[in-house]
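One structure is given below, encoded as structure tokens.
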Amino acid sequence: MNELRFLIHDFDAFRRKARNNGFAERAGVTFTDYYLSPRLRVRVCGKKAKLIYSDKKGKRVLMESKEFIPDAPAFVVKKERSFVFSKGNASFCVERIRCGKRVFWSGECEDGAAARAAKTFGAKLIKKSVAEIISC
235 MNELRFLIHD
245 FDAFRRKARN
255 NGFAERAGVT
265 FTDYYLSPRL
275 RVRVCGKKAK
285 LIYSDKKGKR
295 VLMESKEFIP
305 DAPAFVVKKE
315 RSFVFSKGNA
325 SFCVERIRCG
335 KRVFWSGECE
345 DGAAARAAKT
355 FGAKLIKKSV
365 AEIISC
């Protein structure tokens, strides 16, 4: 299965449609990503930090630390709010992302039933990563 990304124009309408179609909702994890390069980032969640390398094969954690203090300017992406919607085997995550003054809702799901449901609820499927979306 492939992981797909999507954008949401109206989160409230999307959330209402998902609930009306029987999807359960729960809060997800929030974190901040400091992009050092398109493939290398530091993810800070609470007081823990991970150095993550991403490529076409997936993500690999290179190092973990108890704290992270950025010394050089980095491309900062904050995932402020996160929700997970699930029903049976179909589930998808929706996140409120802030980069500077730009704020938007994005999500990810596995190809299949979840992708069809997200598209039905008004999501626009895309083939880009969060870093590529923000840099546009």
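Residues 235 to 370 in our numbering are what the sequence shown lists, from first letter to last.
Ideal Cβ positions, reconstructed from N, Cα and C, are used throughout, including at glycine.
Scanning its chain for C-beta atoms nearer than 6 angstroms, with the 5 sequence neighbours on each side dropped, one finds around K313 the residues T264, F265, E329 and I331, in chain order.
Looking at C279, K284 and F309, the one whose alpha-carbon comes closest to that of K335 is F309. Nearest to G356 by alpha-carbon distance, out of N236, F245 and S320, is F245. In the DSSP assignment, F245 falls within the unbroken alpha helix (DSSP H) covering F245 to N254. Between L241 and the set A283, R253 and F326, the nearest pair of CA atoms involves F326.
Listed as beta-bridge partners of S288 by DSSP are K293. Residue burial is scored here from C-beta neighbours: L238 has at least 16 other C-beta atoms within 10 angstroms and is therefore classed as buried. With fewer than 16 neighbouring CB atoms inside 10 Å of its own CB, C279 falls in the exposed class. Around the beta-carbon of R275, 16 or more other beta-carbon atoms lie within 10 Å, marking it buried. For the set S320, F338 and M297, the Cα lying nearest the Cα of A258 is the one of S320. Taking all protein chains shown into account, V311 has 16 or more neighbouring C-beta atoms within 10 Å of its C-beta and is therefore buried. When DSSP states are grouped into helix, strand and coil, T354 belongs to the helix group.
Of the candidates K293, D305 and K284, K284 places its Cα closest to the Cα of S299.
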